[in-house]
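The structure under discussion appears below in the form of C-alpha cells.
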Amino acid sequence: MAELIVISTLNGILFGMLLFLLSSGLTVIFSMMGVLNFAHASFYMLGAFFGYQLTRWIGFWPALVLAPLLVGAVGMAVERYGLRNTHKHGHVAELLLTFGLAFAIEEIVSMIWGKSPMDYRIPAALDFPAFTVFSTNYPAYKIFMLVVSVVIFVALLITLKRTRVGLIVQAALTHPSMVGHLGHNVGRVFMLVFGVGSALAGLAGVIAGPSLVTQSDMAALLGPILFVVIVFGGLGSLPGAFIASLLIGLIQTFAVALNGSLASVFGPLDPSLGPSPLTDIWNVTIAQVAPILPYVLLVLVLIFRPMGLLGTRES
Amino acid sequence: MTNPVTTATAATKDESGGTLSFYGIWLIAAVALVVLPLIFSSGGSLTSFSLIGISIIFALSYNILLGQTGLLSFGHAVQYGLGGFLAVHMMNAVASYDWPIPLPVIPLIGGIGGLAFATLVGWVMTKRAGTVFAMISLGIGELVASSSLILRSVFGGESGITTDRTALPHIFGWTFGPQLQVYYLIAFWVMISAIAMYALTRTPLGRICNAVRDNPERVEFIGYDPHVVRYFAYMFAGFFAGIAGGLTAINFEIANSAYLGATQSGLVLFAAFIGGTAYFFGPILGAILVTYLQLGLTNVTSVWQLYFGIIFIGIVMFAPGGIAGILMKHRPLIRARTLGTVIPSYLVAALPTLALVLGIILSIETVARYTASEGEGNVINLVGIPFVATAPTTWAVAVVLVVGGFLIARVTWRRVAEAWDRAATVARDRGYLA
Amino acid sequence: MTAAIEVKAVDKSFGNVGIIRDLNLNVAQGERHAVIGPNGAGKSTTFNLISGHIKPTSGEIRLNGEVISGLRPFEINRRGLSRSFQVTNVFARMTVWENVRCAVLWATGHRYAFWKNVDHLPEVKQRTAQILDDIHLSHRRDVPAGLLTYAEQRELEIGITIASGASVIMLDEPTAGMSHAETDRAVALIRRLTEGRTLVIVEHDMSVVFGLADRISVLVYGNIIASGTPDEIRGNPKVKEAYLGEEVD
Amino acid sequence: MHRLIVAAAALAMLGGTASAQDSLKIGYIDPLSGGGASVGEGGLKTFQYLADELNAKGGILGHKVEIVPMDNKTNPQESLVQAQKAVDAGIHYLTQGNGSSVGAALEDFVTKNNSRNPGKEVLYFNYAAVDPSMTNEKCSYWHFRWDANSDIKMEALTNYMKGQPSIKKVYLINMDYSFGQSVRTEARKMLGEKRPDIQIVGDELHPMLKVTDFSPYIAKIKASGADTVVTGNWGQDFALLLKAAADAGLKVNWYTYYAGGAGGPTAIKQTGLDHQVFQISEGIPNSGNKAAMELEKDFRAKANMSLWYPRAVNEMRMFKAAAEKANSIDPVKVAAALEDMKYEVLDGGEGIMRKDDHQFLQPIYISSFGTLADKAKEPFDEENTGWGWHLVSKIETANATVPTTCKMKRP
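Protein chains in written order, with UniProt numbering: chain H, 1 to 315; chain Z, 1 to 434; chain F, 1 to 249; chain S, 1 to 411.
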C-alpha cells in the first residue's frame, strides 16, 4: 500500500507538472489576448512529433532544444498570420480559428506520420531505473521529466517577476484592458507571448512523448483536460493553474490506484433488482471513472465557485 | 461573425408586399421536399436526403445558440444524443407495451428529452456567455459522453440500443420500413421544425436573444435578465436538437454513445458556421454542404477531415459570414443593378483561384499518398489528369500551382475588391446600401 | 411626496480606494437634476451605483421610496428607472427599429414571450414608431445601429433609454462629442422627451446644464459639496472654488 | 486503394446506382480514415489479396470477386450509411471486423433489411467482431462469424491453463467496454471451474484508449504478487501496458488476445519480454502447416504485411465452397449452404459453421512471441523485429467450443 502511495504521488506530481507546463502558456495567452487557444494541445502534439523526428535525425538532446523552438515559431506564425487578422471579427471567431487549426493539425500530423504510435524511445543515457521503491523500479527518465518541469516552472516565475516583458504580462493578467493601451509594441508582445506559450507546450510534448505515447490523437486526449485545469484554477490565474494542475494530476493518478466502488463499501445490491442505472453506479469502481473525474470537478466548481479556485474575474 | 448587415430583419421591411414572397419561399421548400425523392429515387439518394434533413434541423437548432444568442457551444450533441436515446427507449416501450403512439410522434419525445436535459443543466451553464460558456459546454459534453459508457443499462455500452421502427402502431398503412416513408417523416419534421424555429426568431424572446448576442450589458438596462434569455435559448436549442436526435434514432434504428460525442458537436458547429450564422437560412446551406461532403468526400480521399478543417479555417478568416454571408452581400448590388460591374473581375479572379485550390489539393494528396503507401495507391487523378505522387514533376506542378495561383490570385482579388467598392458606392447612392 | 431618487450615505470603494464617500442625493419627482463635477469626481460611478451596474459598499439607495441598492440592473429598470451610457451602447448588428423595439418589449408586458409574433403587436409597433419619430430616426429605421453616424447613435441611445416609458431617466453625458448644432437639437429633444418625468443628467457642457436643470448637484472627490437651483450653485463659493473657477473659459 | 480525385465524382454519390451483373461484390465496411485506418487498410489488403487468389482460379461460379472498400470511420452510424449504400448498389455481401459496436449495428441492419426487403437480402460475414452476444442473445440468421468469439477463446485459453501448474496467481486487466468485460467475467468463471486453486489477485477495468501512463496499474499488479496477467487489451492500450511493465521491471507471463495486432510485436520486442507474451488465435504464421506457410510467404511478398487474419482466408474460401454447394450466388441459398458446413481450416484441422448460432468453431492456437530458435522451421518474424510466434499449444475444436443461447429465427 505504501508503495502504491509513493509511486502514485510521484506519478501524480509528474503528470500535474506536465499539465502545468501546458496550462501556463494557455493561461497567459488567454489573459492577454482573450483567446482561448483550442490548438494549444496540438502544439504539445507537434512538440512530440518534432521531437521524435529530430531525435531520429540529430539525437535527443539537440531535439530537446530545437523542437520547442520550432513549435514556438509555428505558434508565432499562427498569431501573426491567423489570429491577428481574425481579431477584428471578435473572440468567438478567434476561438473558432484555433478550433479549426486543432482539427487541421491533427490531420496533417496523421497524414505525415500515420495513425499508429511512434517508436519514440527514451534516450539511452536516461534509460535506467533511478531508484527502487520497495520492489518497483522508478525510471530515471521520469525523474528527468520532473526536473525539467520544475526548472521551467522556476524560470517562468523568475521571468514573470524580474523582466520587463514579464511585468507587462503580469499587468495583463490583472488588468487585461490595460494591455490595449501599451502602445505600438502590443503586436510584438502578443506574438512573443503566443510563441513562448506554444514553445512551452512543445517542450512538454518533447519530454512527454517518449514516456507517454506519441500518436496523432494525443492532442484530442489531453485538450479538454487543459480547459478543465484553467477553469478550475481560475481563468487568468497562474497560481490557480499551478494548483489545479497538481490537483488534477494527483486525482487522476490516485483514482486509478484505488479499487473502491459503492458495492465494495456498502455491499452488493440485491441481485433481484436487475440491471438499472443504480446497479451501474453501484458497481463502477473509482478507477473506472478516473477519466471523468476532472469534468465532475469542473461542474462542481462552476456551481459552487464560478470564478475557479483562485480566479478573481468571472470571465 | 460581425457581419454588419442584420439578421432576419428583412422580413419586417415591407410587411404587406413581402408576405406573399415570404410564404412563397416556404411553399417552394415544402414542394421541393415532396418532389425531391421522385426525381432522385435511388436508395442512396434517399439516405443522403434523410441525413441532410436531420442535419438541417440540428444545425438550425445550433444556430439558436450561436447565431441568435451568441453562445458558442462545443457540446450541442449532448441534447441531440439524449433525445435520440429517449426516442429509442420510447419506441421500444411503445412496441412492448402496445401503447397507441405512432412513429411520427416519436421525434417529439426526442425533443422532450433534449429539452429536459437542457432545462436541467442550462441554468448553471448559461450563467456566463462567451469563452466560459464554450468551455463549460465542452466539459459537460465530455462528462455526458463518458458517463454514457458507464451507465450501460441506459445507454447500452458502446454497441448502443437498437429498436425497430416498424414495430410501432401503423397509421395510414405506413409501416415506415421503406426508407422513402422515413424520408417523408423526416421531411415533415424538417418543415415543422424550420417553421417553428423561424417563428421563434420573430417573437419577443427571439428578438431579445439577438439583443443579448449584440450587447448583454445593455439588455440589463432595458429590463431583461440576459441569463434568463440565454437559458430560454438553450432550452429551445436543446428541444430542437432532441428532435433531430429522435429522427436520427428513427433513421438508423439505433442510438449509441457516438451520438453524444465531440465529433457530432464539432460537425454541427462546422455546418452552422460554414453556412453562415448571421442568417436564418445559413445553417441550412451549411448542413447540406457539410453532410454532402461528409458522405461524398470519404469516397474520394482518405484525408477528408483535413479538407474540412481547411474549409473551416478559410471561412473563419476570409468570410466570417459563411456562405450565406457571401450570398447576402450581393443582394444590395442585385437590387441596385450594379452586380454586372463586379462579375468580370470575379471571372478574372476565378482562374488563378482555381489553380491555387487545385494546387493545394494536389499537394495534400501527394503528401498523403507519398507517406501512406507505396505501390498502386500513389496515382492521383486530378480533373482527369493522372499524377504520380512519387514523381518530381507532380511536386513541381503542385508548387507552381500553389505559388503561382497565390500570387496571381492576390492581385486579381484586389481587383475584385476595387470593383466591389465602386459597385457598392453606386448601390449606396441609389439607396440600397446603408 | 417621496423623492424619486434618494441616495443615503453611500460609500463605494474599489479595493482600498474610496471612490464615493458618504454620498447623499435627493431628486424630487418630476425634477430635472444635473450632476456636475470635475473629471474623476465619480459622476459615472454614481450613475452606475444608482442603476445597479455596481453595488454600493455601504449605504442605501431608494427609488420612489423603495430600496433598490443591491438589486440587479434589470430589476431596477423594471421598477421604473432607465439610463443611458456615456459610451454609445446600442445593439450594433440590429436595426434602429429593432433597437428601440427591444427596449419597448418589457414595458409593454411581452417579456420572454415566445408565442407571439413580434411584428403583430400593435402597441409595440405604434410605440416604437412614435419613439423613432421623436428621435428623428424614422428614415433610418432599417439601418443597422452600428452603421449610424455618431450623433445618430447618441440619439438612438436616448431613444432606447426612454422607450420603456420609465418614470426616472438618467442620461450620462448625452451631448458628449457633439457639435453645437447637434447639441442644441439634442437638448431640445431631451427637454421634450422627459416632459413630466424625472431626469438625472451628467453633463460637462455648462450651457446645457444651466439651461436644462431645475436643480444641480456638484460632485467633487466622491462627495456632493453643494446642491441647489442653478442660481444657488452659481453663487455658491465652495463650488466656485472647487470647480467653476477652473471651468470658466 | 485507387480512389479518384474528381470533384464531379462526388456528384455521382447522390444518384449512385451500379449494376452487379457480372462481378460478385463484397462490401468491405471498416475504417479507412480516422483512428482505426491502419488496421482497416490491413484488412482491406488481406481481402483484396484473397479476392485475387479466387479470381485467379476463375472466381466464384464464374463471377469475378470484387472487394468494394467502404469507409465507416469505426462509427456505427457511418457503417449503417455505408451498408445502405452497398444495398442500393446491389451488393449482397458485407464483411466487417473492427469494433463490436459496429458489428452489432450491422447485424441489426441486415436482419431488418432482409425482413423488409425480400429479394434484396444481404449477408454479413464477420471476420473480427468477437462480442459473444452477436451469436447469443442478438444472433441473426444473416450473420456468420469466422472469428472465435471471446468466450470461445477464453474456453481454449483456460483449457490450456488448466495444465500449467506454475500458474498460481492471475491478474486480469482489461479495457472498460463490452469485450473487456466479457473477458474478465469469463476468465473468472472458467478459471474458477477448471482451476479453483488459482487465485484471482486483481481484476482491473481501465478506460478504453484514454490511459497514457500505465505505471499506476503496473504498480498494482506488482503489489498483488501475480505471476500471470490475462488481458484483452489491444492497440495502444496493449503497447503502453507492456511499456510500463518493462519500465517497472515487472516479470510475469502475459496471456493476451491481441498481442499480434499492429504495433504489438514491436512493443513486445522493445520491452524484451522473450516468450513471456502469449496469444490466443485461430492461426499463426509458423504453424508448421505447409500450405498455410506457403500462403503466408506469398501474402507477405505481395501485401508487405503479415497475415493478420487467417480467418479471412477461411471466410473467403468457405464462401466459395458454399456458393458452389448451393450452385448459386443468391445470398439466401448461400446462407443455407453455410449452415453446418464443415471445412478444413487454413492451419489444419476441421472447423464447422455451427447451425445454431452461425459461429465458426475451429482449432485455437496458443503461441508465444520471442526469439525463433530454428529459422528453417519457423521462418516468419513480425514487424521486422527478428522475433516471431512460436507454437505453444493447439487446442482442438472440441476443446474450443462453448454452448450458445441463440434462438435462431429462420426465414
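Positions of the beta carbon are idealized from the N, C-alpha and C atoms, including for glycine.
Keep in mind the model is a prediction, meaning the values are calculated, not measured.
Using the DSSP secondary-structure output, state which residues sit across from residue i in a beta bridge.
{"i": "F/Lys8", "result": "F/Glu60"}
{"i": "S/Asp203", "result": "S/Leu172"}
{"i": "F/Asn26", "result": "F/Glu6"}
{"i": "S/Gly370", "result": "S/Gly388"}
{"i": "Z/Ile171", "result": "Z/Trp174"}
{"i": "F/Arg185", "result": "Answer is none; F/Arg185 lacks a bridge partner."}
{"i": "S/Ile364", "result": "S/Ile395"}
{"i": "S/Asn126", "result": "S/Gln96 and S/Arg145"}
Looking at C-alpha atoms only, which residue of the options is the closest neighbour of residue i?
{"i": "Z/Leu205", "options": "Z/Ser193, Z/His227 and Z/Met191", "result": "Z/His227"}
{"i": "residue 250 of chain F", "options": "F/Ala28, F/Tyr112, F/Gly159 and F/Gly30", "result": "Outside the modelled stretch of chain F, which goes from 1 to 249, sits residue 250 of chain F, for which no answer is possible."}
{"i": "Z/Arg230", "options": "Z/Ile243, Z/Val290, Z/Thr298 and Z/Gly70", "result": "Z/Gly70"}
{"i": "F/Ser138", "options": "F/Thr95, F/Leu219 and F/Lys116", "result": "F/Thr95"}
{"i": "F/Arg83", "options": "F/Gly109, F/Asn117, F/Pro56 and F/Leu156", "result": "F/Leu156"}
{"i": "F/Leu71", "options": "F/Asn64, F/Ala113 and F/Ile54", "result": "F/Ile54"}
{"i": "Z/Glu365", "options": "Z/Pro352, Z/Leu339, Z/Thr394 and Z/Ala319", "result": "Z/Thr394"}
{"i": "F/Leu148", "options": "F/Trp97, F/Val124, F/Asp172 and F/Cys102", "result": "F/Trp97"}
{"i": "H/Leu238", "options": "H/Ala255, H/Ile292 and H/Gly311", "result": "H/Gly311"}
{"i": "S/Asp151", "options": "S/Trp142, S/Asp131 and S/Lys162", "result": "S/Asp131"}
{"i": "H/Thr86", "options": "Z/Leu200, Z/Ala244, Z/Phe318 and Z/Ile57", "result": "Z/Phe318"}
{"i": "S/Met70", "options": "Z/Leu295, Z/Ile112, Z/Leu333 and Z/Ala59", "result": "Z/Leu295"}
{"i": "Z/Ala29", "options": "Z/Val190, Z/Ala237 and Z/Ser48", "result": "Z/Val190"}
{"i": "S/Asn314", "options": "S/Ser215, S/Asn114 and S/Gly283", "result": "S/Gly283"}
For residue i, would you say it is in contact with chain H, using Cβ-to-Cβ distances shorter than 8 Å as the test?
{"i": "S/Glu204", "result": "yes"}
{"i": "S/Ser166", "result": "no"}
{"i": "Z/Gly375", "result": "Low local confidence applies: a pLDDT of 42 at Z/Gly375 is under 50, so the model's placement there is unreliable, with the coordinate-based value given in what follows. It does not; no Cβ of chain H falls within 8 Å."}
{"i": "S/Ala262", "result": "yes"}
{"i": "Z/Ile197", "result": "The question names Ile, but residue 197 of chain Z is Met in the sequence shown. Not one chain H Cβ lies under 8 Å of Z/Met197."}
{"i": "Z/Glu418", "result": "no"}
{"i": "Z/Glu142", "result": "yes"}
{"i": "Z/Thr298", "result": "no"}
Less than 8 Å between CB atoms is the rule here; does residue i satisfy it with respect to chain S?
{"i": "H/Ala125", "result": "no"}
{"i": "Z/Asp429", "result": "no"}
Should residue i be flagged as near chain Z, meaning a C-beta pair shorter than 8 Å?
{"i": "S/Arg188", "result": "no"}
{"i": "H/Ser261", "result": "no"}
{"i": "S/Asn75", "result": "yes"}
{"i": "S/Val110", "result": "no"}
{"i": "F/Asn89", "result": "yes"}
Give a yes or no on whether the minimum CB-CB distance between residue i and chain F is below 8 Å.
{"i": "Z/Glu15", "result": "Residue placement at Z/Glu15 is flagged as unreliable, the pLDDT there being 45, under the threshold of 50; a coordinate-derived value is accordingly withheld."}
{"i": "Z/Ile222", "result": "yes"}
| Okay, do the segment 408-426 of chain Z and the segment 19-38 of chain F touch, 3+ Cβ pairs below 8 Å being the bar? | no
| task | Determine, using beta-carbon pairs with one atom in the segment 196-204 of chain H and one in the segment 112-124 of chain H, whether at least three such pairs fall under 8 Å. | result | In this structure the segment 196-204 of chain H does not touch the segment 112-124 of chain H; the number of beta carbon pairs closer than 8 Å is below three.
| query | So, do the segment 241-260 of chain Z and the segment 73-80 of chain S have three or more beta carbon pairs nearer to each other than 8 Å? | reply | yes
| query | Is the segment 126-135 of chain Z close to the segment 241-252 of chain Z, with three or more CB pairs under 8 Å? | reply | no
| Between the segment 118-125 of chain H and the segment 206-215 of chain H, do three or more beta carbon pairs fall short of 8 Å? | yes
| field | Meets three-Cβ-pair contact criterion under 8 Å: the segment 97-112 of chain S and the segment 137-155 of chain Z | value | No, the segment 97-112 of chain S is not in contact with the segment 137-155 of chain Z.
| field | the segment 111-128 of chain S contacting the segment 390-403 of chain S, beta-carbon criterion three pairs below 8 Å | value | Contact between the segment 111-128 of chain S and the segment 390-403 of chain S is absent, because fewer than three Cβ pairs lie under 8 Å.
| request: Can you give me, in chain order, the residues of the segment 249-278 of chain Z that have a beta carbon less than 9 Å from any beta carbon in chain H? | output: Ala262, Gly266, Leu269, Phe270 and Phe273
| task | Anything in the segment 213-238 of chain F with a Cβ closer than 8 Å to a Cβ of chain Z? List those residues in chain order, please. | result | none
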